[in-house]
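Step one of this worksheet: look at the structure below.
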Amino acid sequence: MIYFSKPFLKSRKFFLIVTGVVVGIVLLIIIIVATSKTHTGAKSSKVEDHTDEPNEPSGPCEINQIQYRNTHPLLLSPNTDNVIYPQGKANTIFASNEEVEFSCSQSEVRANGVNLGSNITVVCKSNETFTYNGTNIEWKNVACSKSLVPTIKEVPVQNLSSDDPNKPCDIGDDSTIFLNLGYTVDLNRFINIVNICFNTTNKIALYSHYILTSVTIFGSRNVTRSNIRQEDSLYKLGYSVKTVYDDSKKTMNNLLGLPDDSDKYINNKIFITPQQLASENDFYLATFQLAVKNYANIAPQWNSINKGNWLQENEIRLYASNNNVNLQIWSGTYGVTKLNNETEPPEPTELYLLEKELKNGFVIAFPVPELYWKVVYNPLNTQGLVLIGHNNPYVDKVNPEEQICEDISSKISWISWDKELYEKGYFYACDYNDDGFHNTVNFAPNLKVTGYL
């Protein structure tokens, strides 16, 4: 042990030595703390840089397929033709790192101002961000470079298998064909939206078959207006089907023996409209709604019925939503509407929109259907229902013997209609297994139904 004398302890030299030691210790502490902070900061930067890497997803993706535009690509399970729909009312959710295919039929997926190809597979990163080849893509910036173009494919009715519900479309002659309306993904994939049983002689759909999803009621309702597409190979008229509808008043008046401009039956309040069998409002996606705007999916209907009891379509959509079920729908036509002509005594006369001499001979086509019918089928519980509507605003009464099947509408609580206002169309409901329906509409689908909805 070292001892210092009292005079030394009180000396200036001792004071300077102690002060130097204290300062040295303080400086050493400052250096250690500063070094520690520097290392900590470096580690923090590395973590932040790592999380910013585009290939490092950090959470689920959640997008609204109809929020931004009508030109979004279709969302598919990769390498399939399975369309992905929302899980709930609006948003479609993907897990972190989950793959999804963006598809633009006969177009290209465009993101960040660059065309990336007709079909690309992306990976969910987080929120509305996906990655493609290491680059971030925001859903709001993704679109198809051009509007999607639907395709119609013909399937020979003879090729439908015996267990296909649509087999009855094959009525045994050459007058019917079976059509698939949808979008071509690639050489091996086709997204089928609507099946159509089409009568080539009368140039009218006998029915359209499609799936009404449980989320349809929440779907796009701001679809860009577009013209109805026409497949010339189905009609061979030499002019547009639109012209046929535009001239319907003159044609029908001629059939009834009335002057061309007579307002007796067709006027500003009551007239013929092109009615979609598979309604655009029965589809969630705007691209599907645009696809069904096709004359192959259309038949003549009186406007008062179109805006009247036929609007029970809304309640079918609500049923699908409330029961969280994807319904199968067959929406069709039957027969020809008749009105009395001007002869004495008046004779019931069938109404057509086309009666004309064409290059291929005299043609009478585009009948105004006597009945509209709809089969609503729940594949989960094999229950179904038939809805029948009379397409004639001038009928003031429908007797029970004029109904093609027994009316059970009083037993159906989820559909309402004004049965006393005939100008809105007389409608009723039937059990699918009622023989009267099948004996009349002999091309209706063949289903196993165990009860009514």
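Residues in the sequence shown are numbered from 795 upward in steps of one, following the working numbering. Heads up, the beta-carbon is just placed ideally off N, CA and C, and yes, glycines get one too. Every value quoted in this text rests on a predicted model; they were computed, and no experiment measured them.
Where residue 1042 and residue 1056 are concerned, what is the direct C-alpha to C-alpha distance, given to the nearest angstrom? In the sequence shown, counting from the first residue as 1, residue 1042 sits at position 248. In the sequence shown, counting from the first residue as 1, residue 1056 sits at position 262. Computed Cα separation, rounded: 12 Å.
Close beta carbons around residue 1093, own chain, < 7 Å, minus the five adjacent residues each side: Counting from one through the sequence shown, the residue named residue 1093 turns up at place 299. Result list for residue 1093: 998, 999, 1069, 1071, 1127, 1163, in chain order.
State the start and end residues of the unbroken beta strand (DSSP E) segment that holds residue 990. Stepping through the sequence shown from its first residue, residue 990 is reached at position 196. Residues 983-993.
Do you know how far the Cα of residue 1124 is from the Cα of residue 1241? Sequence index remark: in the sequence shown, residue 1241 carries index 447 (1-based). Sequence index remark: in the sequence shown, residue 1124 carries index 330 (1-based). Distance between the alpha carbons of residue 1241 and residue 1124 is about 11 Å.
Cβ-based burial, residue 913 [other Cβ within 10 Å; buried from 16]: Sequence index remark: in the sequence shown, residue 913 carries index 119 (1-based). Per the 10 Å Cβ criterion, buried.
Okay, do the stretch 1005-1024 and the stretch 1182-1199 touch, 3+ Cβ pairs below 8 Å being the bar? no
On a Cα-Cα basis, can you pick out the residue from 947, 948, 964 that is closest to residue 955? Taking the first residue of the sequence shown as 1, we reach residue 955 at position 161. For residue 955, the nearest C-alpha among the options comes from 964.
On the DSSP bridge list, what partners appear for residue 1070? To locate residue 1070, count along the sequence shown from 1; it is residue 276. Residue 1070 pairs with 1092.
DSSP-derived helix/strand/coil call for residue 1207: In the sequence shown, counting from the first residue as 1, residue 1207 sits at position 413. Reduced to three states, the DSSP call for residue 1207 is coil.
Residue 1114 - DSSP class collapsed to helix/strand/coil: In the sequence shown, counting from the first residue as 1, residue 1114 sits at position 320. Residue state, collapsed to three classes: helix.
Should residue 977 be labelled buried (16 or more other beta-carbon atoms within 10 Å of its own) or exposed? For this step, residue 977 is matched to residue 183 along the sequence shown. With 16 or more other Cβ atoms within 10 Å, it is buried.
Selection from 1191, 1145, 1119, 1143 that minimises the alpha carbon distance to residue 1172: By 1-based counting over the sequence shown, the position of residue 1172 is 378. When only C-alpha atoms are compared, the closest one is 1119.
Nearest neighbour of residue 996, chosen from 1005, 1169, 1246, 1129 [CA to CA]: Within the sequence shown, the letter at position 202 stands for residue 996. The candidate whose alpha carbon is nearest that of residue 996 is 1129.
Shortest alpha-carbon distance to residue 1207 belongs to which of 992, 1063, 1223? Looking up residue 1207 in the sequence shown gives position 413. Here the closest residue by C-alpha is 1223.
Report the three-state DSSP secondary structure of residue 899 (helix, strand or coil). As a working note, residue 899 is residue 105 in the sequence shown. Three-state DSSP puts residue 899 in coil, outside helix and strand.
Would DSSP call residue 919 helix, strand or coil? Within the sequence shown, numbered from 1, the residue matching residue 919 stands at position 125. Here residue 919 sits in strand by DSSP.
Relative to the C-alpha of residue 973, which candidate in 1100, 966, 944 has its C-alpha closest? As a first step, residue 973 must be located in the sequence shown, where it is residue number 179. Considering only alpha carbons, the answer is 944.
Report the option in 1201, 883, 1235 whose CA atom is closest to the CA atom of residue 1221. As a first step, residue 1221 must be located in the sequence shown, where it is residue number 427. Nearest C-alpha to residue 1221: 1201.
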